[in-house]
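Visitor:
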Amino acid sequence: MRILRIKDVMKMVGLGRSTIYSKMNNGTFPLNKKLGVGARAAGWLESDIEIWINANFYN
Numbered sequence: 000m001r002i003l004r005i006k007d008v009m010k011m012v013g014l015g016r017s018t019i020y021s022k023m024n025n026g027t028f029p030l031n032k033k034l035g036v037g038a039r040a041a042g043w044l045e046s047d048i049e050i051w052i053n054a055n056f057y058n
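Residue 58, in numbering that gives the first Met the number 0, is where the sequence shown stops; the numbers in between run on with no holes.
#1: For residue 14, collect the residues of the same chain with a Cβ closer than 7 Å to its Cβ; drop the 5 residues on either side in sequence, then sort them by chain order.
#2: Is residue 29 close to chain B, meaning its C-beta is less than 8 Å from at least one C-beta of that chain?
#3: CA-CA distance, residue 21 and residue 51?
#4: Is residue 7 near residue 29, with beta carbons less than 8 Å apart?
#5: So which of 35, 34, 18 has the shortest CA-CA distance to residue 27?
In structure tokens:
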């Protein structure tokens with residue numbers, strides 16, 4: 000299990016930061032997870048991003 004930060008996610012999916020957060024808000028992109036109690040840092044599971052890429056590649 001690997002945690003990806005926003006810059007890594009942007010490179011993987013080819014979308015900008017604001018587009019990713021917009022898609023998260025409308026439910027069409029995986030939500031990020033907080034990296035610790037009370038932490039401001041957040042990341043995505045690499046497996047969640049890979050699933051999203053595979054599901055959206057043919058759309």
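Ideal placement from N, C-alpha and C gives every residue a C-beta, glycine not left out.
Fair warning: this is a prediction, and the values are worked out from it, not measured in the lab.
Guide: Concretely, from the data shown:
#1: Residue numbering aside, residue 14 sits at position 15 when the sequence shown is read from its first letter. So the list is empty, once near-sequence residues are dropped.
#2: This model lacks chain B altogether; it includes just one protein chain.
#3: Translated into the one-based positions of the sequence shown, residue 21 becomes position 22. Translated into the one-based positions of the sequence shown, residue 51 becomes position 52. Computed Cα separation, rounded: 15 Å.
#4: Locating residue 7 in the sequence shown gives position 8, where the first residue counts as 1. Locating residue 29 in the sequence shown gives position 30, where the first residue counts as 1. Not in contact: residue 7 and residue 29 (Cβ atoms no closer than 8 Å).
#5: Taking the first residue of the sequence shown as 1, we reach residue 27 at position 28. Ranking the options by Cα distance to residue 27, first place goes to 18.
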